[in-house]
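Data block below; observations after.
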Amino acid sequence: MIQLRWALSLAILAFCSTPLLAIERSTSWDAPLEAQQRKNPIPPTQDSIGRGILVYAKNCQVCHGSRGDGDGPSSQSFGVATTNFLNPSTQRQSDGSLYWKITVGRRAMPNWQLRLSEEDRWHVINFLRTMNQHGGTHDDARSK
Ligand code: HEC
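Using the working numbering, the letters of the sequence shown map in sequence onto residues 272 to 415.
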């Protein structure tokens, strides 16, 4: 009887933890289609990019690095790699997609919904788009 109970609780444990493990292991992170199609309401003016720089320096640089290459001082302490914004896989995504990710977060990436205003989230995206020019250079070995 006791053995049966053990077997049963092990089975329940295995059943319950499988979906969790699957989520933890998955690496692809896609915004819902509706979020991807959302347009950035703020044009990338110098003013907007300037605000984006301030938001970034204060909130994002510690993990994503001063050049956006994912090499900030805190990036070492996470099990998951901090995103390198210079990657084409990030730059290819729509503003709406990045906005959604910044808003909801995942794993070590905080969610900024309550910490940043909507405008500040769009400003920081306008800045991220300029990072190839401002930040990593092509001869920088780390910005692969
Ligand atoms: C505590 C560390 C940390 C901070 C602070 C942080 N991030 Fe992240 N960010 C991450 C990690 C780790 C990931 C990868 C998450 C994953 O894939 O599960 C990530 C992913 C992202 C992505 C998704 C990129 C992609 O290609 O899918 C965006 C966009 C992003 N961060 C923007 C920001 C912005 C903007 C800020 C500041 C407002 C910020 N992050 C602050 C750790 C951080």
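Here a beta-carbon is modelled for each residue, glycine too, at the ideal position from N, C-alpha and C.
* To do: Write down the C-beta distance between Ser346 and Gly336 rounded to the nearest angstrom, noting that I regard them as a contact closer than 8 Å.
  => Counting from one through the sequence shown, the residue named residue 346 turns up at place 75. Counting from one through the sequence shown, the residue named residue 336 turns up at place 65. Confirmed, Cβ separation roughly 7 Å.
* Beta carbon of Gln308: closer than 7 Å to some heavy atom of the ligand HEC? -> Stepping through the sequence shown from its first residue, residue 308 is reached at position 37. Not under cutoff, so the answer is no.
* To do: Can you have a look at Asp340 and say buried or exposed, based on whether 16 or more other CB atoms are within 10 angstroms of its CB?
  => On the sequence shown, residue 340 is found 69 positions in, with the first residue counted as 1. That one is buried.
* Cβ-heavy atom distance between Asn303 and the ligand HEC below 7 Å? -> Position 32 of the sequence shown, counted from the start, is the residue given in the question as residue 303. Per the sequence shown, the amino acid found at residue 303 is Pro instead of Asn. Incorrect: Pro303 has no Cβ contact closer than 7 Å to the ligand HEC.
* Based on the DSSP output, what are the partners of Arg377 in its beta bridges? -> In the sequence shown, residue 377 corresponds to position 106, counting from 1. Beta-bridge pairing links Arg377 to Met380.
* **Minimum length 4: unbroken alpha helix (DSSP H) runs contained in the segment 343-367** => 359-362
* To do: Compute the minimum distance between the beta carbon of Trp393 and the heavy atoms of the ligand HEC, and state whether it is under 7 Å.
  => The residue labelled residue 393 in the question sits at position 122 within the sequence shown. Checking every heavy atom of the ligand HEC against the Cβ of Trp393, none is found closer than 7 Å.
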